[in-house]
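Numbering-wise, full-length UniProt numbering puts 314 at position 314 of the sequence shown, and it's gapless, one number per residue. The structure under discussion appears below in the form of structure tokens.
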Amino acid sequence: MTDSAVSAAAASPATNSYRPDAAPKDTSVLFAVEEKVGALQDILGFFSTNNISLKHIESRPSKSEGQYDFFVTIDAKYADQLAVVLPQLKGIVNNCQLFNSELSAANAPWFPRKISDLDMYANTILSYGAELESDHPGFSDPVYRERRAMLADLAIKYRHGQKLPHVNYTPEEVATWGRVLTELTKLYPQYACKEHCRVFPLLIDNCGYRPDNVPQLEVVSNFLKDCTGFRLRPVAGLLSSRDFLNGLAFRVFHSTQYIRHHTAPLYTPEPDVCHELLGHVPLFADPSFADFSQEIGLASLGASDEDIEKLATCYWFTIEFGLCRQDGKVKAYGAGLLSSFGELEYSVSDKPEHRPFDPPKTAEQKYPITEYQPVYFVADSFDDAKDKLR
């Protein structure tokens, strides 16, 4: 397994999808219509003709050119009728999405309504955390396992609004971080995208990115909030795809605080703080990339398990292993690449296949998690990728 395998959070199944405490009474529908005179009258006419009374309706400019978004709220007593006519509605509007739906009340996918709701799945990790698999480099090291258990406990106890846990990293951990930082920074000028290269010196100046210092999440999170409104939240291990993506909707990135085992500084079978701080954080300080990441998160709220799987695949091929074209060259912006010594150089070479980023096709692409990717998707820009994702 290579360092690129650290991004398994994006590949994890959408477990814990359905939670019975989710059942709000009303159904809300968001959709877009072509911008034209009488658009509102047509929408009101559709619901009136089908004997559905609206509790609330609002319009807003759409992010898609030439369209308007409508957001309507329908009382639960009309849920059955809405279910009948929903296919018709989808036939005359664009991007129709249901929220807080009672159409399947007992099985409605739970999703956070406010940022503090992220506390509700703080301890629902899928793997690692305090427990390690037998092939993990630290499996037979009792001191490392105890350290991991302590850091996992800090993450599980954390609640929104508190200061992020301060970790006093050991000399051994600092040395491991320093080795990773030193080796990767040699590669960034040639292979990393310009956004990553532009932000990295700011992290050195403002967040203490040095070989002899592991930056604290609190310091880095405050820096990100000032840049783009993104913030970090500690996590004990791998979350489900649904839970992880839901966090992005609130501009929250779940970050580990533990460090890979010192015997294998250039290898990790899971995300660690080196991966988070070197791969993810620099791009979350870029406004366009931050917007793109949040778009994926917003699309995950209340989505079906099937759609979560597609979104997670798009996440894998963009935020984790994405490439972009800059100044006639292919550059890396995916965190799995920017934290991997071997795959960073490999990804922009002519050895793998490069395809244009196309969300419907990207979402269906199969991928390995224990070896270099045979296929990468190349975006023209973050804004272009964001527009295509919509």
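Even glycine gets a Cβ: it sits at the ideal position worked out from N, Cα and C.
Here's the rule: buried if 16 or more other CB atoms are within 10 angstroms of the residue's CB, otherwise exposed. What is residue i?
| i | result |
| --- | --- |
| D42 | exposed |
| T182 | exposed |
| G161 | exposed |
| L323 | buried |
| L151 | buried |
| R251 | buried |
| T176 | buried |
| E173 | buried |
| K90 | exposed |
| I92 | exposed |
| K36 | exposed |
| S340 | buried |
| S48 | exposed |
| F357 | buried |
| Q373 | buried |
| S304 | exposed |
Do residue j and residue i count as a contact pair if the criterion is CB distance below 7 Å?
| i | j | result |
| --- | --- | --- |
| Y267 | R148 | no |
| L86 | I74 | no |
| L232 | S255 | yes |
| R260 | D272 | yes |
| Y333 | C193 | yes |
| D57 | V72 | The displayed chain sequence assigns Ile, not Asp, to residue 57. In this structure, V72 lies closer than 7 Å to I57 by Cβ. |
| F31 | F70 | yes |
| P137 | T263 | yes |
| S116 | L164 | no |
| residue 391 | A249 | Lying outside 1 to 390, the shown extent of the chain, residue 391 is not represented and no answer is given. |
| C274 | V180 | yes |
| residue 393 | A236 | Residue 393 lies beyond the range of the chain shown here (1 to 390); nothing can be said about it. |
| P211 | L277 | no |
| N246 | F111 | yes |
| L40 | Y191 | no |
| D135 | A76 | no |
| F253 | A290 | no |
Quick check: the Cα distance between residue i and residue j, rounded to an integer number of angstroms?
| i | j | result |
| --- | --- | --- |
| S59 | E34 | 12 Å |
| F200 | R113 | 33 Å |
| F382 | L54 | 37 Å |
| F223 | I204 | 11 Å |
| K157 | C314 | 31 Å |
| K361 | E306 | 15 Å |
| V167 | N213 | 11 Å |
| P171 | L338 | 24 Å |
| T318 | E295 | 12 Å |
| T15 | G38 | Confidence is the limiting factor: at T15 the pLDDT is only 45, short of 50, which leaves the residue's position unreliable, though a coordinate-based value still follows. When rounded, the distance between both Cα atoms is 44 Å. |
| H354 | V84 | 43 Å |
| Y121 | F377 | 32 Å |
| G279 | P189 | 14 Å |
| E365 | V348 | The sequence given here places Gln at residue 365; Glu does not occur at that position. Rounded to the nearest angstrom, the two C-alpha atoms are 19 Å apart. |
| L311 | A299 | 8 Å |
| T370 | F321 | 13 Å |
| R390 | N94 | 11 Å |
| G328 | P359 | 22 Å |
| D350 | Q326 | 16 Å |
| N50 | Q67 | 24 Å |
| P265 | G342 | 13 Å |
| P287 | H196 | 12 Å |
| Y144 | V330 | 39 Å |
| V29 | P234 | 33 Å |
| F139 | A385 | 40 Å |
| G297 | Y78 | 29 Å |
| I125 | D153 | 12 Å |
| D387 | F292 | 9 Å |
I need the boundaries of the beta strand (DSSP E) containing residue i, first residue and last residue.
| i | result |
| --- | --- |
| L98 | N94 to F99 |
| V33 | T27 to E34 |
| Q326 | L323 to Q326 |
| S48 | Note, S48: premise wrong, no beta strand (DSSP E); alpha helix (DSSP H) at A39 to T49. |
| D69 | Q67 to I74 |
| K329 | K329 to A332 |
| A379 | V375 to A379 |
| F253 | V252 to S255 |
Starting from residue i, trace the alpha helix (DSSP H) in both directions and tell me its first and last residue.
| i | result |
| --- | --- |
| P346 | Looking at the sequence shown, residue 346 is not Pro but Tyr. Where Y346 is concerned, the enclosing alpha helix (DSSP H) stretches over F341 to S347. |
| F289 | P287 to S300 |
| E309 | D305 to Y315 |
| F357 | Premise fails: F357 is in no alpha helix (DSSP H) and is neither H nor E. |
| F382 | F382 to L389 |
| F284 | V281 to F284 |
| A335 | A335 to L338 |
Can you confirm whether residue i, when its beta carbon is compared against all beta carbons of chain C, has any partner nearer than 7 Å?
| i | result |
| --- | --- |
| E133 | Given the protein chain composition of this structure (a single chain), no chain C is represented. |
| field | Those runs of the alpha helix (DSSP H) which lie wholly inside the segment 105-175 and span at least 4 residues | value | 142-157
| field | Whole beta strand (DSSP E) elements within the segment 165-248, 3-residue minimum | value | DSSP runs (the beta strand (DSSP E)) wholly in the segment 165-248: 231-234.
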